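Quick note: the sequence shown, position 277, residue 277 per full-length UniProt numbering, numbers continuous. Everything on this sheet refers to the single structure shown next.
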Amino acid sequence: MEALYRKYRPKNFYDIVGQEHIKKLLTNALKLQKINHAYIFAGPRGTGKTTTARILAKSLNCEKNQFGEPCNECTSCQAIDNGSHLDVIELDAASNRGIDEIRKIKEGVNFTPVMGKYKVYIIDEVHMLTREAFNALLKTLEEPPQHIVFILATTNPEKIPPTIMSRCHVLEFRNISEENIISKLKSVCEKEGFDVTYEALKKIAKRAEGGLRDALSTLEQVIRYTGGEVTEKIVDEALGLISEETIEKFIEATLNNDRELIEKILNDIYIERGDFDTFINQLIEKTLEKKEDNMLKLASDFYNVLKEIRFAEEKLLIARLMFLSIANRYHGKYSNISNVASTARSSQDNVGTKQLSKNIQDEKITEQNENTLPQSEKMPSAQLNESVKNEDIQVDLKREEKEEKHLSQNVSQAKFLKQVTKELLEELKLNGDLSIFVGLSLATVYENEDSIKIIFDKSKQFSYEVIKEKRQEIELLYKNKSGLNRPVEVILSDEITDPVLEKLKMLFDDNKSSLGG
1 MEALYRKYRP
11 KNFYDIVGQE
21 HIKKLLTNAL
31 KLQKINHAYI
41 FAGPRGTGKT
51 TTARILAKSL
61 NCEKNQFGEP
71 CNECTSCQAI
81 DNGSHLDVIE
91 LDAASNRGID
101 EIRKIKEGVN
111 FTPVMGKYKV
121 YIIDEVHMLT
131 REAFNALLKT
141 LEEPPQHIVF
151 ILATTNPEKI
161 PPTIMSRCHV
171 LEFRNISEEN
181 IISKLKSVCE
191 KEGFDVTYEA
201 LKKIAKRAEG
211 GLRDALSTLE
221 QVIRYTGGEV
231 TEKIVDEALG
241 LISEETIEKF
251 IEATLNNDRE
261 LIEKILNDIY
271 IERGDFDTFI
281 NQLIEKTLEK
291 KEDNMLKLAS
301 DFYNVLKEIR
311 FAEEKLLIAR
321 LMFLSIANRY
331 HGKYSNISNV
341 ASTARSSQDN
351 VGTKQLSKNI
361 QDEKITEQNE
371 NTLPQSEKMP
381 SAQLNESVKN
391 EDIQVDLKRE
401 EKEEKHLSQN
411 VSQAKFLKQV
421 TKELLEELKL
431 NGDLSIFVGL
441 SLATVYENED
451 SIKIIFDKSK
461 QFSYEVIKEK
471 RQEIELLYKN
481 KSGLNRPVEV
491 ILSDEITDPV
501 LEKLKMLFDD
511 NKSSLGG
């Protein structure tokens, strides 16, 4: 059985689906016999670029109706259709991208046509040519012989050098509308005797994303899968798509922060398929359909998840963490992971601050008590020299003043460092790298003036590897947020430590070392 997209390939301008602006321009140019020496056909895949190039070649060389609609009956038209015409040379630049291929073309353009009146060179995926090949093609494009027409087809015109673009007439092919694709699919089904519902055709057309060739290939795939009536459900099964009901349920669960349903759907999909690419793409499509501001932001978040897990090994783990984080945010709360981590950090700073303040207060009380003691207790010996006593008191007061100032600075610094991490997590959660956000949320973060330590317990091995890989990026984030250039150390602890005790220990160790010096 011949492939449907080949069997129903248009053979004249009238049969081309969509691209009305292209058809009008080329038919008028042919009618006036004012054909450009070089064209660039640029546009998405499956929109008719190569087909249009062949039809133009047939019109230029048709024995019965030159410069009009090809007859498709003469020797020249039939030879072009089956790829045997000596004067219509097709080159796939994706696999023949070197300078040697272009040199062959340069040699061939000097010979006159053998079978027809024009030599037509159709170079597909021309953007794949090397820089040297483009340079070799440049002179030929600038001053070709009268009997030569170049048609360069590409899906990435931005990769073509400007010097090439300026020497060609650029025609932009557009995506074909769903209505036109459905109409063509319906016509094919009627001719082939396929029993396909309108809803199924609509889904196929939507999946084709403007490419008729993709739509015909998908239709053929679905027909071979079922062998009978084709419904919307059959299309989902044949293409491995997730049901619309499941997609709707997942989006609703995300907006409602239904953690159990989110995890259940993710587990089921991963067990059945092993990846989430198709699922997340469907989520993005469905959210974009709704056109609401929060849905557009949700689609962007889903796309970030797709980027993160596409090449990751622990796909299910990352998917669960990131989707649950998104769900918590859209439900108007901090994510559970972030909330736990923030609570721990808040506890660390609050306990440390309270303890330091208590020490300061105790020192003040001691000072007050000493000042209110009876004179006899203050001076146990009558021989104590008054000048020595006053000097000692002044030294003590200066020492206490120094300690109080130092401890107050530590309290202020602790608050400042806390705000840096908290604000950084908030920014990452809303607009940043979610993998860094999740990793930092699962870690215990210690900030000093000269360093930042990110500590994971041994049960967080995967998150440790992710954050370690992105250490330099994290250093830059902290530098931009705090203004301090501090190295980041990522540590995997052998034991699960109490973050509050560790923070207090670090604070008081710093105090002792500073005061002792």
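Note that the Cβ used here is the ideal one computed from N, Cα and C, for glycine as well. This one's a predicted model, so the numbers in the text were calculated from it and none came from an experiment.
- Pairing Gly439 with Val466 gives a Cβ-Cβ distance under 8 Å.
- Under the 10 Å beta carbon count, Glu260 is surrounded by fewer than 16 other beta carbons and is classified as exposed.
- Excluding the 5 residues flanking it on each side, Leu241 has no same chain C-beta neighbour closer than 6 Å.
- For a cut-off of 8 Å, the C-beta gap from Leu434 to Tyr464 is around 17 Å, too long to register as a contact.
- Rounded to the nearest whole angstrom, the C-alpha separation of Glu178 and Lys186 is 12 Å.
- Not a single unbroken stretch of the beta strand (DSSP E) spanning 3 or more residues falls wholly within the segment 200 to 246.
- Taken atom to atom, the span from the alpha-carbon of Gln221 to that of Ala238 is near 7 Å.
- When Cβ pairs closer than 8 Å are counted between the two stretches, the segment 192 to 199 is seen not to touch the segment 160 to 180, the count staying below three.
- Residue burial annotation: Tyr225 is exposed, with fewer than 16 other C-beta atoms found within 10 angstroms of its C-beta.
- Going by DSSP, Glu475 is part of no beta strand (DSSP E) but of the alpha helix (DSSP H) stretching over Arg471 to Ser482.
- With a beta-carbon spacing of about 6 Å, Arg167 and Glu142 fall inside the 8 Å limit used to define contacts.
- If you draw a straight line from the Cα of Ile40 to the Cα of Ile123, it is about 10 Å long.
- In this structure, Pro10 is the residue among Lys106, Asn257, Pro10 and Glu313 with its C-alpha nearest to the C-alpha of Leu216.
- Rounded to the nearest whole angstrom, the C-alpha separation of Lys184 and Leu430 is 44 Å.
- Excluding the 5 residues flanking it on each side, Ala29 has same chain C-beta neighbours closer than 7 Å at Ile35, in chain order.
- For Leu138, the enclosing alpha helix (DSSP H) has its first and last residue at Arg131 to Glu142.
- At a Cβ-Cβ threshold of 8 Å, Glu314 and Phe462 count as neighbours.
- Contact between the segment 276 to 283 and the segment 304 to 320 is present: three or more C-beta pairs spanning the two stretches fall below 8 Å.
- Within the model, the alpha-carbon separation for Lys64 versus Ala136 is close to 36 Å.
- In this structure the segment 93 to 109 does not touch the segment 66 to 82; the number of beta carbon pairs closer than 8 Å is below three.
- Around the beta carbon of Val114, fewer than 16 other beta carbons lie within 10 angstroms, which makes this residue exposed.
- Under DSSP, Ile491 takes part in a beta bridge, and its partners are Ile455.
- Short of 6 Å from the beta carbon of Glu289, and not among the five residues preceding or following it, lies no beta carbon of its own chain.
- With respect to the 8 Å criterion, Ile105 and Leu138 are not classified as neighbours on the basis of their beta carbons.
- The alpha-carbon separation between Asn12 and Ile55 amounts to approximately 6 Å.
- In this structure Lys119 is in contact with Asp87, their Cβ atoms being roughly 5 Å apart against a cut-off of 8 Å.
- A Cβ-Cβ contact shorter than 8 Å links Arg174 with Gln19.
- For Lys64, the secondary structure class from DSSP, reduced to helix, strand or coil, is coil.
- Per DSSP, Val170 is one residue of the beta strand (DSSP E) stretching across His169 to Glu172.
- Minimum Cα-Cα distance from Pro157 among the listed residues Lys49, Pro144 and Glu473 corresponds to Lys49.
- The three-state reading of DSSP puts Lys119 in strand, counting E and B together.
- For Asp450, same chain residues with a beta-carbon under 7 Å away, outside a window of 5 residues either side, are Arg486 in chain order.
- Ile284 and Phe302 do touch by the CB rule: their CB atoms are close to 5 Å apart, below 8 Å.
- Boundaries of the beta strand (DSSP E) around Thr154: Ile148 to Thr154.
- Counted as a single uninterrupted DSSP element, the alpha helix (DSSP H) harbouring Glu178 occupies residues Glu178 to Glu192.
- Put simply, the backbone Cα of Leu171 is about 32 Å away from that of Lys286.
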